[in-house]
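**Student:** One structure coming up, written as structure tokens, with questions to follow.
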Amino acid sequence: MFTRILIANRGEIAVRIIRAAREMGIETVAVYSVADRDSMHVRLADRSVCIGPAPSSQSYLNIAAIIAAAEVANVDAIHPGYGFLAENAHFAEVCRSCKIEFIGPSVEAMGLLGDKVSCKQIALKNKVPTFPGSKGKITDEETAVKVAREVGYPVIVKASAGGGGRGMRVAHNDIALRSGLKQATQEAEAAFGDGSVYIEKFLEHARHVEVQVIGDQHGNVVHLYERDCTMQRRHQKLIEEAPCPVLRRDDREALCRSAVRLCKAAGYYSAGTVEFLLDPRDNRCYLLEVNTRVQVEHPVTELITGVDIVKTQIRVAAGEKLGFKQSDIRPNGHAIECRINAEDPDRNFAPQPGLLERYTAAGGPGVRVDSHCYAGYRVPPNYDSMIGKLIVHSDTRENAIARMQRALGEFEVAPIKTTIPLHQRLLSNAKFVRGDVDIHFVERLLSGAAS
Ligand code: MV4
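Printed below as a string of structure tokens:
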């Protein structure tokens, strides 16, 4: 096992990783920007190294500074968390060449699954359900129009290197498709340095369902069932839950097994998430993309399966075998997570950096809070606005919703505005309670439209 690891991240996920390492008897090295001097991850780590100024481009994305800190502190491995360098295959390669273990998948698997066209091709070969569409990249307008007419409008043009909604265009006819193809290509070239795009049938009303997988370096891959992340706004998830409230047992098993086939075919190890859209009309699922990292919402899966995903990532990075088989994974009860962001929902979710004069987390039975915040902490303006995650577990979905409402009522953050009141409203919405929502639900509700 590793003696010492460096955490190349900040905020709640850095705290989460430090906690896992400490329980495993592994020393921790935090890195921080000058804006994060007073952050909890700096306090909790055994040692910390300042890696640069506030902008993440000069600190948490600064590969040279992070590797220098890792060399100076003599660590065995680096955990990248999520965001920042977590899905950067070049960073993983630099770690490898410096003989520092990257706590994540291999460079090769990141390349194969990070590129959405190559991911979809592996999926097609392995009977993982995908949307009908182009066989691979689309380069000319005529092929695009031919494919769109075959699968039927509306279609969506997506960047192969994209993710999280960047570089996408929906088209309802030939003319819109021709211009969407140009726009998506240019946007992808500018954003990712790779203008490759592909086309698929566009699904209007969908739920977002994703399967958690975890594998070791000996070829074992196991799934930890699925999460439902339908409650989102502008590609930012707000509420995540496990299991998905609308999936029946046979469909769930088939979906989760397909995610395992995809990851096995790519030689995947560590934690990963296979994202799907679910068509509520027939409950069929279609592959979207694979996230080759630990995700923000991993705690809901931990609560229903009892598997510590971060500890497992560390163990498999050190070469250990998974300590469990698929048949050992028995999902139990229902878990819900609310992301608590320092944002004002009444002002178009404007970020609310500043002093947390008061901060009292919820607690009690079945409640978990993953946060780096404390009373007196100043939320810096330089990074994402998530100040913590409130996660609850109970026997049924109904009881988990009641428990989350109770916990949200206990949580006190002042004077800065947060998404807590919005969560209280969403959780008491009859359609959410009934499970009758799609990925546009929150935006529709906030726009005032009858939903
Ligand atoms: C789609 C889609 C409908 N049909 N693909 C958005 C982010 C990226 N991961 C894929 N996305 C979508 N792909 C087809 N064929 C709708 C979306 C989409 C979406 C997906 C998941 C969660 C929220 C979303 C919000 C808008 C659009």
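Under my numbering, the letters of the sequence shown match residues 28 to 478, in that order. We put the CB at the ideal spot given by N, CA and C, even for glycine.
What's the gap between the Cα of ARG196 and the Cα of ILE183?
**Tutor:** As a first step, residue 196 must be located in the sequence shown, where it is residue number 169. As a first step, residue 183 must be located in the sequence shown, where it is residue number 156. Their Cα atoms are separated by approximately 6 Å.
**Student:** Thinking C-beta only, is ILE40 closer than 8 Å to TYR109?
**Tutor:** On the sequence shown, residue 109 is found 82 positions in, with the first residue counted as 1. On the sequence shown, residue 40 is found 13 positions in, with the first residue counted as 1. For TYR109 and ILE40, yes; Cβs fall inside 8 Å.
**Student:** Around the ligand MV4, which residues pass a check of Cβ closer than 5 Å to any of its heavy atoms?
**Tutor:** Going by the Cβ distance cut-off, the answer is PHE158, ILE183, GLY192, GLU227, PHE229, LEU230, HIS235, LEU315, ILE466.
**Student:** Going by DSSP in three states, ALA47 sits in which element: helix, strand or coil?
**Tutor:** Here residue 47 corresponds to residue number 20 of the sequence shown, with the count starting at 1. The DSSP-derived three-state label of ALA47 is helix.
**Student:** My understanding is that ILE44 touches VAL58, with C-beta atoms under 8 Å, so please give their C-beta distance in whole angstroms.
**Tutor:** Here residue 44 refers to the residue found at position 17 of the sequence shown. Here residue 58 refers to the residue found at position 31 of the sequence shown. That pair is no contact at about 12 Å.
**Student:** At which residues does the beta strand (DSSP E) containing MET431 begin and terminate?
**Tutor:** Here the question's residue 431 lines up with position 404 in the sequence shown. Premise fails: MET431 lies in the alpha helix (DSSP H), 424-437, not in any beta strand (DSSP E).
**Student:** Per the contact definition of three or more C-beta pairs closer than 8 Å, is the segment 236-250 in contact with the segment 290-307?
**Tutor:** yes
**Student:** Measure the C-alpha to C-alpha separation of LYS143 and VAL334 and round it to an integer number of angstroms.
**Tutor:** Translated into the one-based positions of the sequence shown, residue 143 becomes position 116. Translated into the one-based positions of the sequence shown, residue 334 becomes position 307. Their backbone Cα atoms lie some 28 Å apart in a straight line.
**Student:** Our contact map puts GLY393 next to ARG366 with C-beta atoms below 8 Å; I'd like the distance itself, whole angstroms only.
**Tutor:** On the sequence shown, position 366 is the one that residue 393 refers to. On the sequence shown, position 339 is the one that residue 366 refers to. No, GLY393 and ARG366 are not in contact; Cβ-Cβ is about 18 Å, not under 8 Å.
**Student:** Evaluate contact between the segment 120-139 and the segment 317-326, counting only Cβ atoms and requiring at least three cross-stretch pairs below 8 Å.
**Tutor:** yes
**Student:** For ASN368, list the residues DSSP reports as bridge partners.
**Tutor:** One-based indexing of the sequence shown puts residue 368 at position 341. MET413.
**Student:** In chain order, which continuous runs of the alpha helix (DSSP H) of length 4 or greater are located wholly inside the segment 151-238?
**Tutor:** 168-178, 201-219
**Student:** Going by DSSP, what residues sit across from TYR386 in a beta bridge?
**Tutor:** Mapped onto the sequence shown, residue 386 falls at position 359. Per DSSP, VAL440.
**Student:** Would a C-beta distance cut-off of 8 Å place PHE479 and ALA119 closer than the cut-off?
**Tutor:** It is not possible to answer for residue 479, since the shown part of the chain is limited to 28 through 478.
**Student:** In terms of residues, what are the limits of the alpha helix (DSSP H) holding ARG471?
**Tutor:** Taking the sequence shown and counting its residues from 1, one reaches residue 471 at position 444. Unbroken alpha helix (DSSP H) run through ARG471: 468-474.
**Student:** From the DSSP output, read off the bridge partner residues of VAL317.
**Tutor:** Numbered from its first residue, the sequence shown carries residue 317 at position 290. As a beta-bridge residue in DSSP terms, VAL317 pairs with VAL301.
**Student:** Looking at C-alpha atoms only, which residue of ARG123, PHE438, SER84 is the closest neighbour of TYR410?
**Tutor:** Taking the first residue of the sequence shown as 1, we reach residue 410 at position 383. Comparing Cα positions, the closest option is SER84.
**Student:** Buried or exposed: where does GLY220 fall if 16 or more other Cβ atoms within 10 Å of its Cβ makes it buried?
**Tutor:** The sequence position of residue 220 within the sequence shown is 193, counting from 1. The residue is exposed, with fewer than 16 neighbouring Cβ atoms inside 10 Å.
**Student:** Hey, PRO270 and GLU253 are a contact pair by Cβ (cut 8 Å); roughly how many whole angstroms apart?
**Tutor:** Your numbering for residue 270 matches position 243 in the sequence shown. Your numbering for residue 253 matches position 226 in the sequence shown. For PRO270 against GLU253, the beta-carbon gap comes to about 6 Å, under 8 Å, which counts as contact.
**Student:** Starting from LEU139, follow the alpha helix (DSSP H) in both directions and report where the run begins and ends.
**Tutor:** For the purposes of this step, residue 139 is taken as residue 112 along the sequence shown, with counting starting at 1. For LEU139, the enclosing alpha helix (DSSP H) covers residues 134-141.
**Student:** Does GLN244 come out as helix, strand or coil in the three-state DSSP assignment?
**Tutor:** The count along the sequence shown starts at 1 and reaches residue 244 at position 217. GLN244 falls in the coil class under three-state DSSP.
**Student:** Alpha carbon to alpha carbon, how far is CYS122 from GLY179?
**Tutor:** Looking up residue 122 in the sequence shown gives position 95. Looking up residue 179 in the sequence shown gives position 152. Roughly 45 Å between the two C-alpha positions.
**Student:** Do ALA113 and ARG31 count as a contact pair if the criterion is CB distance below 8 Å?
**Tutor:** Start at 1 with the first residue of the sequence shown, and residue 31 comes out as number 4. Start at 1 with the first residue of the sequence shown, and residue 113 comes out as number 86. With contacts defined by Cβ atoms closer than 8 Å, ARG31 and ALA113 do not form a contacting pair.
**Student:** So, at 8 Å on beta carbons, what are the nonlocal neighbours of ILE165 in its own chain, with the 5 sequence-adjacent residues on each side left out?
**Tutor:** Taking the first residue of the sequence shown as position 1, residue 165 is located at position 138. So the qualifying residues of the chain are ALA171, VAL174, VAL184, LEU208, VAL224, TYR225, ILE226.
**Student:** Give me the Cα-Cα distance between HIS250 and VAL76, rounded to the nearest whole angstrom.
**Tutor:** For this step, residue 250 is matched to residue 223 along the sequence shown. For this step, residue 76 is matched to residue 49 along the sequence shown. Rounded to the nearest angstrom, the two C-alpha atoms are 36 Å apart.
**Student:** Can you check which of these residues, GLY346, LYS152, HIS399, is closest to VAL69 by C-alpha distance?
**Tutor:** Locating residue 69 in the sequence shown gives position 42, where the first residue counts as 1. Cα-wise, what sits closest to VAL69 is HIS399.
**Student:** Distance, Cα to Cα, ILE428 vs ARG452?
**Tutor:** As a working note, residue 428 is residue 401 in the sequence shown. As a working note, residue 452 is residue 425 in the sequence shown. Cα to Cα, ILE428 sits roughly 12 Å from ARG452.
**Student:** Go to ASP73, then tell me how far its alpha helix (DSSP H) extends in each direction, as first and last residue.
**Tutor:** The residue labelled residue 73 in the question sits at position 46 within the sequence shown. Neither: ASP73 is in no alpha helix (DSSP H) and is coded neither H nor E.
**Student:** So, is TYR401 buried or exposed, given that buried needs 16 or more other C-beta atoms within 10 angstroms?
**Tutor:** Here the question's residue 401 lines up with position 374 in the sequence shown. It counts as exposed.
**Student:** Look at the Cβ atom of GLY242, then the Cβ atom of TYR295, and state whether they are nearer than 8 Å.
**Tutor:** One-based indexing of the sequence shown puts residue 242 at position 215. One-based indexing of the sequence shown puts residue 295 at position 268. Yes, these two residues count as a Cβ contact at 8 Å.
**Student:** Rank PHE376, ALA369, ILE418 by C-alpha distance to the C-alpha of ALA389 and give the top, closest one.
**Tutor:** Here residue 389 is taken as the residue at index 362 of the sequence shown, counted from 1. The shortest C-alpha separation from ALA389 is found at ILE418.
**Student:** Considering only C-alpha positions, which residue in the set ILE447, GLN210, PHE158 is nearest to ALA233?
**Tutor:** For the purposes of this step, residue 233 is identified with residue 206 of the sequence shown, where counting begins at 1. Per the Cα distances, PHE158.
**Student:** Using three-state DSSP, classify PHE459 as helix, strand or coil.
**Tutor:** Here residue 459 is taken as the residue at index 432 of the sequence shown, counted from 1. Helix.
**Student:** In whole angstroms, what is the alpha-carbon distance linking ASP63 and ARG308?
**Tutor:** Stepping through the sequence shown from its first residue, residue 63 is reached at position 36. Stepping through the sequence shown from its first residue, residue 308 is reached at position 281. Cα to Cα, ASP63 sits roughly 47 Å from ARG308.
**Student:** Look at the Cβ atom of GLU364, then the Cβ atom of ILE266, and state whether they are nearer than 8 Å.
**Tutor:** Taking the first residue of the sequence shown as 1, we reach residue 364 at position 337. Taking the first residue of the sequence shown as 1, we reach residue 266 at position 239. Result yes, Cβ atoms of GLU364 and ILE266 sit closer than 8 Å.
**Student:** What are the residues that DSSP puts in a beta bridge with VAL406?
**Tutor:** Start at 1 with the first residue of the sequence shown, and residue 406 comes out as number 379. Answer is GLY381, bridged to VAL406.
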